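Chains as they are written, first to last, in this note's numbering: chain X, 1 to 305; chain P, 1001 to 1273.
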């Protein structure tokens, strides 16, 4: 890497040797505090978590910890609750993310027009994603209440009958996915909108002159040009959907039974209710591997596209 | 890209957009309505759309549940984590933008991919050893995991937009690099700093898991307080709704003030709590 051009042009500056040392090394000095903090806050805990996952250990120091090698992982693979949690995690993600992508694309296309009250519309789109997950969980839990919830009132008005929503083991994951769709479709829409607005005008002009239909313009110009934004949105949403915690813990705590206990929620319960630190660390390591594999997989797809 | 089309051609898109906005706003409207109704009105078999609003629920939440103390806790944690994040993050973001150092993005990626509970478990053990559980320090340090990468990530984009000529002129005039950074660069990226700061505060404010495990009775943040309030079997719908309104209100007001930049910030970072 070449040095910044300014240094050769600058005259010798007043000030002590520290100041000139700082000037020469600023590219390392400036990032150092942040790097050190992030190392202490993310890499070290991550390594510590890996070590913990090979131990049989409780939160309390009163109980001795001992190394069990890969024992925790073997135990996880034999644990039906682990498999159930992994299955539910994917179920939740595979319901929520494709619908978010589809609805987000539609919303982005609707927003990418000249219209009045643009600022107001954008603000409305922003609200779900900046809202506190605990508040979102609370209000949707109230709306999904089987007896008094307003959603059942709407269903009945439409002649569709009532639903148990979160109390029904078969419906609880789709119901939670619905909340995730409500909250995060706007993010997909905003990312795609940013992609749409940086597109060049020329190909669209040419297509119009050639008499292309708006579907053809979308299919052969917009869609290919939108690929980077689509993959960015897909990656972010897949990663976050797999890790979803707040909404599920607030709305169902993993219930009814274990019907909505995704891997993140299961790890939380083993860790902070049953205080099985080693086993929890191994569950988290497995979750991390799954998320990383998915993230890498999407990136490989992006390269191919 | 599209031309200004008027009349019938826009009817269907506008109608669809209207439906989308109604769906997005309805939970907020419903939450506010519930917070202004009495318990009897909230448990009516058919939802009441028209009623005389009462402030009783808000009075209950604020007076009986120590809500102001929890709000203060949340403010202290969010503000501190954001300010420390800025002091550490802004020079780093500047260096990354100016000297094309991409090394830091590895950490940002890590903090993006890893579930927070993975950091939390070791932090919990360490903080227990250090007797820090329940202290502001523990909460602020843990919230740095959220604010610091977010601030770095968002402000890189803003630093990259600043032409190098300005600081070069200052350097030729004998200013030090640090001096040029503080006096010339930082004022120019003020919009980016405000955007990053507000988003960092919002995500810190929204953070539930760190505060739930590392907080104590005296440092409980608002989301945790509301969650506890709910899990003690409260069936007081109006109070729950009022609490939800009270958590949401500050961040809505904050985000509206920087709405112009917030889309750039959110899509650059794409970070979720």
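All C-beta atoms in this analysis are idealised placements derived from N, C-alpha and C, irrespective of residue type, glycine included.
Computed from a predicted structure; not experimentally measured.
When the beta-carbon positions are compared, residue 294/X and residue 242/X come within less than 9 angstroms of each other.
Contact annotation: residue 212/X and residue 1226/P have beta-carbon atoms that are not nearer than 9 angstroms. The alpha helix (DSSP H) runs of length 4 or more contained entirely in the segment 125–206 of chain X are, from start to end of the chain, 133–143, 150–157 and 172–197. Taking the CA atoms as reference points, residue 1209/P sits about 27 angstroms from residue 1257/P. Put simply, the CB of residue 96/X is far from chain P, with every gap to its CB atoms at 9 angstroms or more. Annotation: the segment 1167–1241 of chain P contains the following complete segments of the alpha helix (DSSP H) (minimum length 4 residues), in chain order: 1177–1180, 1190–1206, 1209–1214 and 1222–1231. With fewer than 16 other CB atoms across the displayed protein chains lying within 10 angstroms of its CB, residue 1052/P is exposed. In the displayed model, residue 55/X falls within a strand according to three-state DSSP. Here DSSP, grouped into helix, strand and coil, assigns residue 67/X to strand. Across the set 1121/P, 1060/P, 1169/P and 1128/P, the C-alpha of 1121/P shows the shortest separation from the C-alpha of residue 276/X.
Per the Cβ contact rule, the segment 136–145 of chain X is in contact with the segment 1024–1031 of chain P (3 or more Cβ pairs under 8 angstroms).
Between residue 1107/P and chain X, the shortest Cβ-Cβ separation is below 9 angstroms. When secondary structure is reduced to three states using DSSP, residue 303/X falls in the helix class.
With its beta carbon less than 9 angstroms from one in chain X, residue 1030/P belongs to the interface.
Taken in chain order, the complete alpha helix (DSSP H) segments of 4 residues or longer contained in the segment 1032–1069 of chain P are 1039–1042 and 1056–1059. Interface criterion not met: the Cβ of residue 87/X is under 9 angstroms from no Cβ in chain P.
Shortest Cα-Cα distance from residue 287/X to any of 272/X, 299/X, 278/X and 262/X involves 262/X.
Residue burial annotation: residue 1036/P is buried, with at least 16 other C-beta atoms found within 10 angstroms of its C-beta. Membership of residue 223/X in the alpha helix (DSSP H) is indicated by the continuous run 223–243.
As for any alpha helix (DSSP H) of minimum length 4 sitting wholly inside the segment 266–305 of chain X, the runs are 277–304, ordered along the chain. When the five nearest sequence neighbours on each side are left out, no beta carbon in the same chain lies closer than 6 angstroms to the beta carbon of residue 109/X.
Residue range 17–24 is occupied by the alpha helix (DSSP H) that includes residue 23/X.
Proximity of residue 1053/P to chain X, defined by a Cβ-Cβ separation below 9 angstroms, is not satisfied. For residue 153/X, the nearest beta carbon of chain P is closer than 9 angstroms to its own beta carbon.
Straight through space, the alpha carbons of residue 30/X and residue 1092/P are spaced by roughly 5 angstroms.
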